[in-house]
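Single-structure report; data block below.
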Amino acid sequence: MSYRKRKIINNLMLFLSTLSFFVGALFLFWILGDIFIKGISKLNLRLIIDLPKPPGVPGGGVANAIIGTMLLSLIASIIGIPIGILSGIYIAEYGNNRFAWWTRYISEVLSSIPTIIIGIFIYIVIVVPMKRFSAIAGGVALGIIMIPTIVKATEESLKMIPNTVREAGYALGAPKWRVIIKVVLPSASSGIITGIMSSLARIMGETAPLLFTSLNNNFLSLRLDQPIASLTVTIFNYATSPYKEWKDIAWASSFLLAMIILLLNILSRYYGKRRYHQ
2 MSYRKRKIIN
12 NLMLFLSTLS
22 FFVGALFLFW
32 ILGDIFIKGI
42 SKLNLRLIID
52 LPKPPGVPGG
62 GVANAIIGTM
72 LLSLIASIIG
82 IPIGILSGIY
92 IAEYGNNRFA
102 WWTRYISEVL
112 SSIPTIIIGI
122 FIYIVIVVPM
132 KRFSAIAGGV
142 ALGIIMIPTI
152 VKATEESLKM
162 IPNTVREAGY
172 ALGAPKWRVI
182 IKVVLPSASS
192 GIITGIMSSL
202 ARIMGETAPL
212 LFTSLNNNFL
222 SLRLDQPIAS
232 LTVTIFNYAT
242 SPYKEWKDIA
252 WASSFLLAMI
262 ILLLNILSRY
272 YGKRRYHQ
């Protein structure tokens, strides 16, 4: 292939790559801009601290949905973070066996399963036997969704730690489990935190699995065995309603949720940069 032909192909691929970037960025900024313009004008303090009001009644807020989202995220974190970190440690540090291969494979398959399937699974396993939707069912579903991201982040972070760090611990006579806990994990903490932040950002934007597990609640409920409100399901219900007041609340809630997810992504990037600068 001649130099001229290679140069033409190179410039063509560069143009197509640049065009693809701008098309993707255009849709991203279009969505965020629309949410910002329509949402920020409806956002106020009453929206954050008030409970929902009946249709046609002015005012009302999504305090129950905000608290519900935090509670669901807490339950999911209690389930997903320990399982994800421990699985990642096993794959990275004890990965030369068949069981570790299957653990990695199951994690990869789990990450590709549509979240609505996970919601249906939890519906069958937890909701049907309990005969009610509940916060615990929603939290378990979200916790399962968190696991693959944390497993991958933990595994990759641990593999980036040089073996000389481990060998220094072994030279002092420390057993392998103590070297992992006291030396390797602290060195990989930034990468693991990045994975946790990314997984939290993901589950806070989930709607489908919650429709089958925690459903919704127009009142403030902290009981784990009762249905609970969440921002995503509230946005879905309000956005599809015929009431203008509810649609306005849906736009404001969308803006609030987008800002929370954006903040989590910024934090994950921050900890990711810390990892590469260490």
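The sequence shown begins at 2 in our numbering and counts up one residue at a time. Note that the Cβ used here is the ideal one computed from N, Cα and C, for glycine as well. As the structure is a computational prediction, the values presented were derived from the model and not from experiment.
query: Taking C-alpha atoms, which residue in G34, V63, N217 lies nearest to L44?
result: Translated into the one-based positions of the sequence shown, residue 44 becomes position 43. Considering only alpha carbons, the answer is V63.
query: Where do the N-terminal and C-terminal ends of the alpha helix (DSSP H) with I80 fall, by residue?
result: Sequence index remark: in the sequence shown, residue 80 carries index 79 (1-based). First-last of the alpha helix (DSSP H) with I80: 64 to 94.
Under 8 Å between C-beta atoms of I204 and S74: For the purposes of this step, residue 204 is taken as the residue at position 203 of the sequence shown. For the purposes of this step, residue 74 is taken as the residue at position 73 of the sequence shown. Contact flag set, yes.
task: Specify, as a first and last residue, the run of the alpha helix (DSSP H) that R203 falls within.
output: Numbered from 1 along the sequence shown, position 202 holds the residue referred to as residue 203. 190 to 204 is the span of the alpha helix (DSSP H), which, as asked, contains R203.
message: Taking a contact to mean a Cβ-Cβ separation below 8 Å, would you say G196 touches T150 in this structure?
response: Within the sequence shown, residue 196 is the residue found at index 195, counting from 1. Within the sequence shown, residue 150 is the residue found at index 149, counting from 1. The Cβ atoms of G196 and T150 lie closer than 8 Å to each other.
field: Nearest to I107 (by Cα), restricted to the options L232, I145, L212
entry: To locate residue 107, count along the sequence shown from 1; it is residue 106. It is I145.
query: When the Cα atoms are used, what is the spatial distance from A35 to A251?
result: Residue 35 sits at position 34 when you count from the first residue of the sequence shown. Residue 251 sits at position 250 when you count from the first residue of the sequence shown. Before going on, a small fix: residue 35 reads as Asp here, not Ala. Distance between the alpha carbons of D35 and A251: 13 Å.
field: Assigned secondary structure, A230 (DSSP; H/G/I helix, E/B strand, else coil)
entry: Your numbering for residue 230 matches position 229 in the sequence shown. Of the three classes helix, strand and coil, the one that applies to A230 here is coil, per DSSP.
query: Between P228 and N218, is the Cβ-Cβ spacing less than 8 Å?
result: In the sequence shown, counting from the first residue as 1, residue 228 sits at position 227. In the sequence shown, counting from the first residue as 1, residue 218 sits at position 217. In this structure, N218 lies closer than 8 Å to P228 by Cβ.
query: How about F220 and L46: are their beta carbons less than 8 Å apart?
result: Along the sequence shown, read from residue 1 onward, the residue named residue 220 stands at position 219. Along the sequence shown, read from residue 1 onward, the residue named residue 46 stands at position 45. Cβ distance not < 8 Å, so F220 and L46 don't count as in contact.
field: Pair within 8 Å by beta-carbon distance, I137 and G85
entry: Against the sequence shown, residue 137 aligns to sequence position 136. Against the sequence shown, residue 85 aligns to sequence position 84. Taking 8 Å as the Cβ cut-off, I137 and G85 do not qualify as a contacting pair.
query: Quick one: what does DSSP say T235 is sitting in, helix, strand or coil?
result: Translated into the one-based positions of the sequence shown, residue 235 becomes position 234. Residue state, collapsed to three classes: helix.
- prompt: Among the residues of its own chain, which have a CB less than 8 Å from the CB of V234, if the five just before and after it don't count?
  reply: Here the question's residue 234 lines up with position 233 in the sequence shown. Cβ-Cβ distances below 8 Å link V234 to A66, T208, L211, L212, S215, L216, N217 in the same chain, with the five nearest sequence neighbours on each side left out; the list follows chain order.
message: Could you compute how far the alpha carbon of K8 sits from the alpha carbon of F16?
response: Residue 8 sits at position 7 when you count from the first residue of the sequence shown. Residue 16 sits at position 15 when you count from the first residue of the sequence shown. Distance between the alpha carbons of K8 and F16: 12 Å.
- prompt: How big is the Cα-Cα spacing for G139 and I118?
  reply: Walking along the sequence shown from the start, residue 139 turns up at place 138. Walking along the sequence shown from the start, residue 118 turns up at place 117. The straight-line gap from Cα to Cα measures roughly 13 Å.
- request: Compare the Cα-Cα distances from V152 to each of T104, A26, Y4 and report the closest residue.
  value: As a first step, residue 152 is located in the sequence shown; it is residue number 151 there, counting from the start. The shortest Cα separation from V152 among T104, A26, Y4 belongs to T104.
- prompt: What number of angstroms, rounded off, separates the C-alpha of L201 from the C-alpha of I162?
  reply: By 1-based counting over the sequence shown, the position of residue 201 is 200. By 1-based counting over the sequence shown, the position of residue 162 is 161. Between the alpha carbons of L201 and I162 lies a gap of roughly 25 Å.
query: How is the alpha helix (DSSP H) around A101 delimited, first residue to last?
result: For this step, residue 101 is matched to residue 100 along the sequence shown. Where A101 is concerned, the enclosing alpha helix (DSSP H) stretches over 99 to 113.
- prompt: Helix or strand or just coil, what does DSSP make of I162?
  reply: Working through the sequence shown from its first residue, we reach residue 162 at position 161. Three-state result, I162: coil.
task: Could you check which residue in L159, G69, Y171 has the C-alpha nearest to that of G192?
output: In the sequence shown, counting from the first residue as 1, residue 192 sits at position 191. The residue with the shortest Cα to Cα distance from G192 is L159.
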